[in-house]
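Participant: Dropping a structure here in structure tokens format, bear with me for questions.
In the numbering used here, the protein residues as written are -2 to 429.
As structure tokens, then:
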């Protein structure tokens, strides 16, 4: 009797085990949130986090609706609960656009239609007001044979003046509204264009994992995307009376990844991410008839020497602490951690963010080349006051709050390295 009961128990347990082993994996759809973004000159690393309720056994977590610009090889997934959950595989799939993206396209199109209607309405209002203005100008208030007093003429003139002033003011208000609507229209059209260009496809990250129990887990996810980047821009403001030069470094950020970066923590990096092994060096053989182009070799060496000089300059330069943003000097690059959270829409438009600013006294002097020009050019000589190199980028120069010119920085200028700036022509000096 006991043997029969024991055999039945073993049979039931075996059937239950086989049933569990043959069960289909549990599929879970997870929606991640952006945690932070590391922005490079020509790409961006998106870091996200998501929560998922997994069952005991095999689970498949799908994170869908990701940009088609995602670099598959860059995807990384980690789980905090490593002891209880093990990732078996991670892959990236191309998928069709989800309904959420289609809804976004429809909302953008409706918004664009509404903007066009308002522009048309305000334009009609301006046309009506202009017709009223023309009518007022052409109206003859008194018959030709009627005698009028000076008071009547002055009263009519004041009426015309008041009416025209009110109408011109209304026209100006409508024109200002139309200007703002056109700016909004361009932004919506750019966003609509960016979404429409990749609306047929998106990408999904599929994560296979095994869990030893039913529980809530936290996923960390990161990947590289194209169509994003930043470049440095500089505003230089000089005071001719004191010789003081203010240099402000800005980051011009643009992205068209198909996803708005809302309330994101952003770190700017000068590094250039790459994938795959480094390029292989091949031997160069000297031939007296075909000499090796040594200039290219020299440039490579000079670049390495510049980097070593940058490290020495940073170590020797007096430390200038800036509260915001935080600046990190890394092995081969610099990083700037932008304070607070930033909103960068996917509109491929430049958005400027201040990185750092600093001031320094400059030596002002004049430069002239009479053979080429009869003008005297004002120059400022100073040392780079920023705690990091001035990188290649656009520089706008102002003298005494007056715009002078825009120039391009074509080489890296290290901290405390000499910097020469052209502050424009001094019209008070003539060379004969």
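Glycine included, C-beta positions come from ideal geometry on N, C-alpha and C.
#1: Between residue 181 and the rest of its own chain, which residues show a CB-CB distance below 8 Å, the 5 nearest in sequence each way excluded?
#2: How is residue 37 classed by DSSP in three states: helix, strand or coil?
#3: Here's a check: name, in chain order, each residue in its chain whose Cβ is nearer than 6 Å to the Cβ of residue 201, leaving out the five neighbours to either side.
#4: Between which two residues does the beta strand (DSSP E) carrying residue 137 extend?
#5: Classify residue 165: buried if its beta carbon has 16 or more other beta carbons within 10 angstroms, exposed otherwise.
#6: Between the C-alpha atoms of residue 226 and residue 35, what's the straight-line distance to the nearest angstrom?
#7: Rounded to whole angstroms, what is the Cα-Cα separation between residue 428 and residue 373?
#8: In whole angstroms, what separates the C-alpha of residue 430 from that of residue 50?
#9: For residue 223, which residues from the same chain have a beta carbon less than 6 Å from its beta carbon, with the 5 sequence-adjacent residues on both sides left out?
#10: Since residue 344 contacts residue 184 with CB under 8 Å, what's their CB separation in whole angstroms?
#11: CB residue 47 to CB residue 216, shorter than 8 Å?
#12: Compare the beta carbon distance of residue 74 and residue 189 with 8 Å and say whether it is the shorter of the two.
#13: Is residue 252 buried or exposed, if buried means 16 or more other CB atoms sit within 10 Å of its CB?
#14: I want to know whether the region 323 to 338 touches the region 159 to 179 - three or more CB-CB distances under 8 Å.
#15: Which one or two residues does DSSP pair with residue 91 in a beta bridge?
#16: Go through its chain and collect everything with a Cβ distance to residue 69's Cβ below 7 Å, but skip five positions before and after it.
#17: What does DSSP give as the partner residue(s) for residue 403 in the beta ladder?
#18: Out of 358, 146 and 337, which one is the CA nearest neighbour of residue 235?
#19: Output the distance between the C-alpha atoms of residue 157 and residue 134, rounded to the nearest integer angstrom.
#20: State the Cα-Cα distance for the pair residue 317 and residue 356, rounded to the nearest angstrom.
#21: Residue 339 to residue 238, Cα distance in whole Å?
#22: Which same chain residues end up closer than 8 Å to residue 53 when comparing Cβ atoms and leaving out the 5 residues on each side of it in sequence?
#23: In the DSSP assignment, what residue or residues form a beta bridge with residue 222?
#24: Is residue 123 helix, strand or coil by DSSP?
#25: Alpha carbon to alpha carbon, how far is residue 127 from residue 152? Give it in angstroms, no decimals.
#26: Taking Cβ to Cβ, would you say residue 353 is nearer than 8 Å to residue 383?
#27: Run through DSSP, which three-state label would residue 26 get?
#28: With a 10 Å radius around its C-beta and 16 neighbouring C-beta atoms as the bar for buried, classify residue 434 as buried or exposed.
#29: Within 10 angstroms of the Cβ of residue 137, are there 16 or more other Cβ atoms? Answer buried if so, exposed if not.
#30: Hey, could you find the ends of the beta strand (DSSP E) residue 355 is sitting in?
#31: Measuring CA to CA, which of 204, 154, 240 and 351 is closest to residue 248?
#32: Please list, in chain order, all residues of the same chain as residue 108 whose beta carbon is under 7 Å from its beta carbon, the five residues on each side excluded.
#33: Would you identify the three-state DSSP class for residue 235, choosing helix, strand or coil?
#34: Terminal residues of the continuous beta strand (DSSP E) containing residue 243?
#35: Within a Cβ cutoff of 6 Å, which residues of the same chain sit near residue 260, ignoring the five residues on either side of it in sequence?
#36: Under three-state DSSP, which class holds residue 56?
Facilitator: This is what the structure gives:
#1: Excluding residues within five positions, the ones whose Cβ falls inside 8 Å are 112.
#2: In the structure shown, residue 37 falls within a coil segment according to DSSP collapsed to helix, strand and coil.
#3: 59, 61, 90 and 92.
#4: Careful: residue 137 lies outside any beta strand (DSSP E) and carries neither H nor E.
#5: That one is exposed.
#6: The alpha-carbon atoms of residue 226 and residue 35 are separated by roughly 10 Å.
#7: Going by the C-alpha atoms only, they are around 7 Å apart.
#8: The displayed coordinates of the chain run from -2 to 429. Any statement about residue 430 would go beyond what the structure contains.
#9: The residues are 40 and 66.
#10: Beta-carbon to beta-carbon, residue 344 and residue 184 are separated by about 5 Å, close enough to satisfy the 8 Å threshold.
#11: Yes, they are a contact pair.
#12: Contact flag unset, no.
#13: With 16 or more Cβ atoms within 10 Å of its Cβ, residue 252 is classed as buried.
#14: The region 323 to 338 is not in contact with the region 159 to 179.
#15: Under DSSP, residue 91 forms a beta bridge with 200.
#16: So the qualifying residues of the chain are 89.
#17: Answer is 393, bridged to residue 403.
#18: Closest option to residue 235, Cα to Cα, is 358.
#19: So the alpha carbons of these two residues sit roughly 8 Å apart.
#20: Its pLDDT being 43, under 50, residue 317 is placed unreliably in this model, and the coordinates cannot settle the point.
#21: If I take the Cα positions, the gap works out to 38 Å.
#22: Cβ-Cβ distances below 8 Å link residue 53 to 208, 209, 210 and 211 in the same chain, with the five nearest sequence neighbours on each side left out; the list follows chain order.
#23: Assignment of beta-bridge partners to residue 222 by DSSP yields 41 and 67.
#24: Helix, per DSSP.
#25: Answer to the nearest angstrom: the Cα atoms are 23 Å apart.
#26: Taking 8 Å as the Cβ cut-off, residue 353 and residue 383 qualify as a contacting pair.
#27: Strand.
#28: With the chain covering only -2 through 429, there is no way to say anything about residue 434.
#29: Flag for residue 137 reads exposed.
#30: Per DSSP, residue 355 is one residue of the beta strand (DSSP E) stretching across 348 to 358.
#31: Comparing Cα-Cα distances from residue 248 to each of 204, 154, 240 and 351, the minimum goes to 351.
#32: Leaving aside the five residues that flank residue 108 on each side, the residues in its chain whose CB is nearer than 7 Å to its CB run, in chain order, 185.
#33: Note: residue 235 maps to strand in three-state DSSP.
#34: 241 to 252 is the span of the beta strand (DSSP E), which, as asked, contains residue 243.
#35: Only 338 meet the Cβ criterion.
#36: Strand, per DSSP.
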